[in-house]
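Peer 1: Quick one: the structure is below, questions incoming.
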Amino acid sequence: METNAGAGSAAGDAPRRGYRTPVALCAGRRDAAWYRGWSAAVEERLYAGRDYRDLDPWLEQMETAADLDECPPQMCRPVRAGLFQALHLRRPDDPRLSALARAIADDLYRAEQGWIGLSGAVLANRLMAYYAWSGDLAPAAGLSAWVRHALATTAPRGPEAACLHASEALYGWASGDAASAAAAVAAGLEDARGAPEWSFQLHAHGVYAALCRRDEEALHVHLEALHALVVEGGTLEACHYHLLASLGALTERDYAEAAEHAGIAMVLARQLGAPLIDAFARLGLCRIAVERGEPVVGEVLRGLAGQAGRMHNRLLEHLTLLLDAQHNLEAGRRRRATAQVRRALHLVRRYGATGLPWWSERSLTFVCETALRAGVERTYVRRLIDQHHLVPCSTDLDDWPYRLRVYTLGRFSVVR
Numbered sequence: 000m001e002t003n004a005g006a007g008s009a010a011g012d013a014p015r016r017g018y019r020t021p022v023a024l025c026a027g028r029r030d031a032a033w034y035r036g037w038s039a040a041v042e043e044r045l046y047a048g049r050d051y052r053d054l055d056p057w058l059e060q061m062e063t064a065a066d067l068d069e070c071p072p073q074m075c076r077p078v079r080a081g082l083f084q085a086l087h088l089r090r091p092d093d094p095r096l097s098a099l100a101r102a103i104a105d106d107l108y109r110a111e112q113g114w115i116g117l118s119g120a121v122l123a124n125r126l127m128a129y130y131a132w133s134g135d136l137a138p139a140a141g142l143s144a145w146v147r148h149a150l151a152t153t154a155p156r157g158p159e160a161a162c163l164h165a166s167e168a169l170y171g172w173a174s175g176d177a178a179s180a181a182a183a184v185a186a187g188l189e190d191a192r193g194a195p196e197w198s199f200q201l202h203a204h205g206v207y208a209a210l211c212r213r214d215e216e217a218l219h220v221h222l223e224a225l226h227a228l229v230v231e232g233g234t235l236e237a238c239h240y241h242l243l244a245s246l247g248a249l250t251e252r253d254y255a256e257a258a259e260h261a262g263i264a265m266v267l268a269r270q271l272g273a274p275l276i277d278a279f280a281r282l283g284l285c286r287i288a289v290e291r292g293e294p295v296v297g298e299v300l301r302g303l304a305g306q307a308g309r310m311h312n313r314l315l316e317h318l319t320l321l322l323d324a325q326h327n328l329e330a331g332r333r334r335r336a337t338a339q340v341r342r343a344l345h346l347v348r349r350y351g352a353t354g355l356p357w358w359s360e361r362s363l364t365f366v367c368e369t370a371l372r373a374g375v376e377r378t379y380v381r382r383l384i385d386q387h388h389l390v391p392c393s394t395d396l397d398d399w400p401y402r403l404r405v406y407t408l409g410r411f412s413v414v415r
């Protein structure tokens with residue numbers, strides 16, 4: 000999971016790693032100066048990327064909708080942007096998030112394209128991360144169209160263009176178009192020179208796209224670039240690097256290295272105070288345990304499923320359900336596993352994703368075989384099989400959409 004930490008604030012300011020604003024909470028009458036001070040303090044703590052628990056006192060000053068309603072119109076945009084990002088990172092179960100996302104999207108879509116600038120690109124990037132990582136690609140599709148229009152009509156350069164390409168890349172691999180994601184990464188890296196914060200995010204999306212495409216060469220190139228960039232980043236960048244390095248090690252079935260990276264990512268996520276990132280790190284460790292055949296993950300997966308439900312996070316819920324289903328299938332609990340596959344694929348089909356970089360070819364094949372045998376989400380499953388070029392382990396699945404069929408009864412024919 001990524002955010003745009005270190006990438007300059009939603010007001011378009013340059014990135015800052017230290018806290019230049021006062022540590023003390025804002026006091027006095029809530030006028031424009033008060034909200035300006037609150038916004039600056041929150042943005043600095045967001046972009047330091049060190050410990051998001053530092054945001055808690057500031058979030059306590061904005062606990063109700065009325066706190067935002069009092070904001071002067073000229074400060075609403077940056078204050079709303081900071082509150083949205085802080086809640087997403089620190090309190091992903093906060094019920095205000097969806098309303099804030101709608102308000103930010105409305106603000107973006109109403110703006111004149113020529114006025115967007117870096118601040119608008121950053122807002123779009125935050126929104127895209129929220130949509131993709133909470134499991135809602137329907138509004139992400141509209142935002143992707145907005146991003147493409149901005150790239151085509153405003154001819155942005157430098158960090159603004161890199162930021163827009165990063166959003167484009169995220170939507171690409173999440174929606175199943177890893178080729179367009181890879182192209183967006185390449186285009187964005189041309190504009191990200193001298194802006195390591197955007198280079199990091201683009202290379203991260205390059206890893207996800209490479210995992211979806213099973214492109215080992217691109218995977219290693221992007222991981223090496225991330226390793227070089229992590230030195231300049233904060234705790235967030237280091238955490239994300241280790242999550243991705245764990246996925247990379249899993250593709251080579253190097254379970255020891257994968258577990259080492261995932262363990263480091265979990266420690267860093269807890270130091271960072273980011274519950275959603277911590278959940279994905281724990282999910283990574285569970286996946287390694289399942290791949291190793293270790294029977295110790297059921298309780299952890301149930302806890303993750305409960306957390307996903309509280310956060311209304313369809314992506315985390317479907318990933319947890321599928322992993323638990325694989326665990327139950329391998330333990331012979333087929334009825335329970337089939338019910339979990341049914342629920343998980345219903346979620347992910349509604350979510351709109353076919354780009355699934357977290358799953359090995361073996362795991363995804365296992366799930367698709369189970370689904371077809373049970374008659375679960377046939378159209379969606381066949382789409383997954385075709386897109387990922389999966390080959391079944393069994394030969395008795397007539398519903399499997401083989402890419403090549405040979406008919407020998409009657410006249411010999413080959414159908415591609």
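Heads up: the sequence shown begins at 0 in numbering that gives the first Met the number 0, then just goes up one per residue. In this text, a Cβ means the ideal position worked out from N, Cα and C, and glycines have one as well.
Please report the straight-line C-alpha distance between Ala182 and Asp53, rounded to a whole angstrom.
Peer 2: Taking the sequence shown and counting its residues from 1, one reaches residue 182 at position 183. Taking the sequence shown and counting its residues from 1, one reaches residue 53 at position 54. Taking the straight line joining both Cα atoms gives about 37 Å.
Peer 1: For the segment 285-315, list the alpha helix (DSSP H) runs that are entirely contained and at least 4 residues long, ordered along the chain.
Peer 2: As far as the segment 285-315 is concerned, its whole alpha helix (DSSP H) runs of at least 4 residues are 297-309.
Peer 1: Report the three-state DSSP secondary structure of Arg342 (helix, strand or coil).
Peer 2: Taking the sequence shown and counting its residues from 1, the one referred to as residue 342 is at position 343. DSSP places Arg342 in helix when its eight states are reduced to three.
Peer 1: How would you call His241, buried or exposed, if buried means at least 16 neighbouring beta carbons within 10 angstroms?
Peer 2: In the sequence shown, the residue the question calls residue 241 occupies position 242. By the 10 Å Cβ count, His241 comes out buried.
Peer 1: Using the rule of at least 16 other Cβ atoms within 10 Å of the residue's Cβ for burial, across every protein chain shown, is Gly292 buried or exposed?
Peer 2: Residue 292 sits at position 293 when you count from the first residue of the sequence shown. Exposed, by the Cβ-count rule.
Peer 1: Could you tell me the distance, in whole angstroms, from the CA atom of Leu99 to the CA atom of Ala330?
Peer 2: The count along the sequence shown starts at 1 and reaches residue 99 at position 100. The count along the sequence shown starts at 1 and reaches residue 330 at position 331. Going from the Cα of Leu99 to the Cα of Ala330 covers about 43 Å.
Peer 1: Leaving out the 5 sequence neighbours to the left and right, which residues in its chain are closer than 6 Å to Val41 when beta-carbon positions are compared?
Peer 2: Sequence index remark: in the sequence shown, residue 41 carries index 42 (1-based). So the qualifying residues of the chain are Trp57, Gly81 and Ala85.
Peer 1: My understanding is that Ala123 touches Val146, with C-beta atoms under 8 Å, so please give their C-beta distance in whole angstroms.
Peer 2: In the sequence shown, counting from the first residue as 1, residue 123 sits at position 124. In the sequence shown, counting from the first residue as 1, residue 146 sits at position 147. Going by Cβ atoms, the distance from Ala123 to Val146 rounds to 6 Å, so yes, they are a contact pair.
Peer 1: Kindly give me the distance between the Cβ atoms of Met265 and Ala255, rounded to whole angstroms, as I take these residues to be in contact under 8 Å.
Peer 2: Here residue 265 corresponds to residue number 266 of the sequence shown, with the count starting at 1. Here residue 255 corresponds to residue number 256 of the sequence shown, with the count starting at 1. Not really, about 16 Å apart at Cβ, beyond 8 Å.
Peer 1: Give me the residue from Pro77, Asp55 and Asp50 with the minimum Cα distance to Ala32.
Peer 2: Looking up residue 32 in the sequence shown gives position 33. Checking every option, the nearest Cα to that of Ala32 belongs to Pro77.
Peer 1: Please say whether Leu396 and Glu376 have beta carbons closer to each other than 8 Å?
Peer 2: Numbered from its first residue, the sequence shown carries residue 376 at position 377. Numbered from its first residue, the sequence shown carries residue 396 at position 397. Cβ atoms of Glu376 and Leu396: not closer than 8 Å.
Peer 1: Within the chosen definition, does the segment 117-133 reach the segment 161-177 through at least 3 CB pairs nearer than 8 Å?
Peer 2: Output reads yes: the segment 161-177 touches the segment 117-133.
Peer 1: In angstroms with no decimal places, state the Cα-to-Cα distance between Glu189 and Ser362.
Peer 2: Walking along the sequence shown from the start, residue 189 turns up at place 190. Walking along the sequence shown from the start, residue 362 turns up at place 363. Their backbone Cα atoms lie some 35 Å apart in a straight line.
Peer 1: Taking only the alpha-carbon atoms, compute the straight-line gap between Tyr35 and Gly48 and give it to the nearest angstrom.
Peer 2: Locating residue 35 in the sequence shown gives position 36, where the first residue counts as 1. Locating residue 48 in the sequence shown gives position 49, where the first residue counts as 1. A small correction: the amino acid at residue 35 is Arg; Tyr does not occupy that position in the sequence shown. Roughly 21 Å between the two C-alpha positions.
Peer 1: I'd like to check one pair, Ala104 with Leu126: are the Cβ atoms closer than 8 Å?
Peer 2: For the purposes of this step, residue 126 is taken as residue 127 along the sequence shown, with counting starting at 1. For the purposes of this step, residue 104 is taken as residue 105 along the sequence shown, with counting starting at 1. Result yes, Cβ atoms of Leu126 and Ala104 sit closer than 8 Å.
Peer 1: Considering Cα atoms alone, identify which of Ile384, Ala257 and Glu59 is closest to Leu282.
Peer 2: Numbered from its first residue, the sequence shown carries residue 282 at position 283. Closest by alpha carbon: Ala257.
Peer 1: Please classify Cys285: is it buried, with 16 or more other beta-carbons within 10 angstroms of its beta-carbon, or exposed?
Peer 2: Counting from 1 along the sequence shown, the entry for residue 285 is found at position 286. Counting Cβ neighbours within 10 Å, Cys285 comes out buried, since at least 16 surround it.
Peer 1: Do Asp50 and Gln270 count as a contact pair if the criterion is CB distance below 8 Å?
Peer 2: As a first step, residue 270 is located in the sequence shown; it is residue number 271 there, counting from the start. As a first step, residue 50 is located in the sequence shown; it is residue number 51 there, counting from the start. Cβ distance < 8 Å, so Gln270 and Asp50 count as in contact.
Peer 1: Taking the alpha helix (DSSP H) that Trp33 belongs to, which residues open and close that run?
Peer 2: One-based indexing of the sequence shown puts residue 33 at position 34. Ala31 to Ala47 is the extent of the alpha helix (DSSP H) around Trp33.
Peer 1: Hey, Val340 and Ala324: beta-carbon distance below 8 Å or not?
Peer 2: Numbered from its first residue, the sequence shown carries residue 340 at position 341. Numbered from its first residue, the sequence shown carries residue 324 at position 325. Yes, the Cβ-Cβ distance between Val340 and Ala324 is below 8 Å.
Peer 1: Quick one: grab the DSSP three-state call for Val375.
Peer 2: Counting from 1 along the sequence shown, the entry for residue 375 is found at position 376. Here Val375 sits in coil by DSSP.
Peer 1: At 4 residues or longer, and completely inside the segment 230-273: list those alpha helix (DSSP H) runs for me, N to C.
Peer 2: Complete alpha helix (DSSP H) runs here, min 4: 234-250 and 254-271.
Peer 1: Give me the Cβ distance between Asp92 and Arg309, rounded to the nearest whole Å; I'm assuming they're in contact under 8 Å.
Peer 2: Translated into the one-based positions of the sequence shown, residue 92 becomes position 93. Translated into the one-based positions of the sequence shown, residue 309 becomes position 310. Yes, they are in contact, since the Cβ atoms of Asp92 and Arg309 sit about 5 Å apart, within 8 Å.
Peer 1: Mapping the DSSP letters down to three states, classify Met61 as helix, strand or coil.
Peer 2: Here the question's residue 61 lines up with position 62 in the sequence shown. Correct three-state label for Met61: coil.
Peer 1: Could you pull the start and end residues of the alpha helix (DSSP H) that Gly157 belongs to?
Peer 2: Within the sequence shown, residue 157 is the residue found at index 158, counting from 1. Where Gly157 is concerned, the enclosing alpha helix (DSSP H) stretches over Gly157 to Ala173.
Peer 1: Quick one: measure Cβ to Cβ for Leu222 and Leu210, integer angstroms, because I've assumed they're closer than 8 Å.
Peer 2: For the purposes of this step, residue 222 is taken as the residue at position 223 of the sequence shown. For the purposes of this step, residue 210 is taken as the residue at position 211 of the sequence shown. That belief does not hold up - the Cβ atoms of Leu222 and Leu210 are roughly 10 Å apart, past 8 Å.
Peer 1: Assuming contact is defined by CB atoms lying nearer than 8 Å, are Ala278 and His260 in contact in what I supplied?
Peer 2: Taking the first residue of the sequence shown as position 1, residue 278 is located at position 279. Taking the first residue of the sequence shown as position 1, residue 260 is located at position 261. Taking 8 Å as the Cβ cut-off, Ala278 and His260 do not qualify as a contacting pair.
Peer 1: Does the beta-carbon of Cys200 have 16 or more other beta-carbons within 10 angstroms, so that it is buried, or is it exposed?
Peer 2: One-based indexing of the sequence shown puts residue 200 at position 201. In the sequence under discussion, the amino acid at residue 200 is Gln, which differs from the Cys named in the question. With 16 or more other Cβ atoms within 10 Å, it is buried.
Peer 1: Please return the same chain residues whose Cβ sits closer than 7 Å to the Cβ of Leu367, not counting the five positions on each side in sequence.
Peer 2: Position 368 of the sequence shown, counted from the start, is the residue given in the question as residue 367. Looking at the sequence shown, residue 367 is not Leu but Cys. Result list for Cys367: Val380, Leu383, Ile384 and Leu389, in chain order.
Peer 1: Distance check for Pro356 and Tyr207, CA to CA, integer angstroms please.
Peer 2: Here residue 207 refers to the residue found at position 208 of the sequence shown. Here residue 356 refers to the residue found at position 357 of the sequence shown. If I take the Cα positions, the gap works out to 6 Å.
Peer 1: Measure the C-alpha to C-alpha separation of Met192 and Thr153 and round it to an integer number of angstroms.
Peer 2: For the purposes of this step, residue 192 is taken as the residue at position 193 of the sequence shown. For the purposes of this step, residue 153 is taken as the residue at position 154 of the sequence shown. One detail in the question is off: residue 192 reads as Arg in this sequence, not Met. Between Arg192 and Thr153, the C-alpha separation is close to 20 Å.
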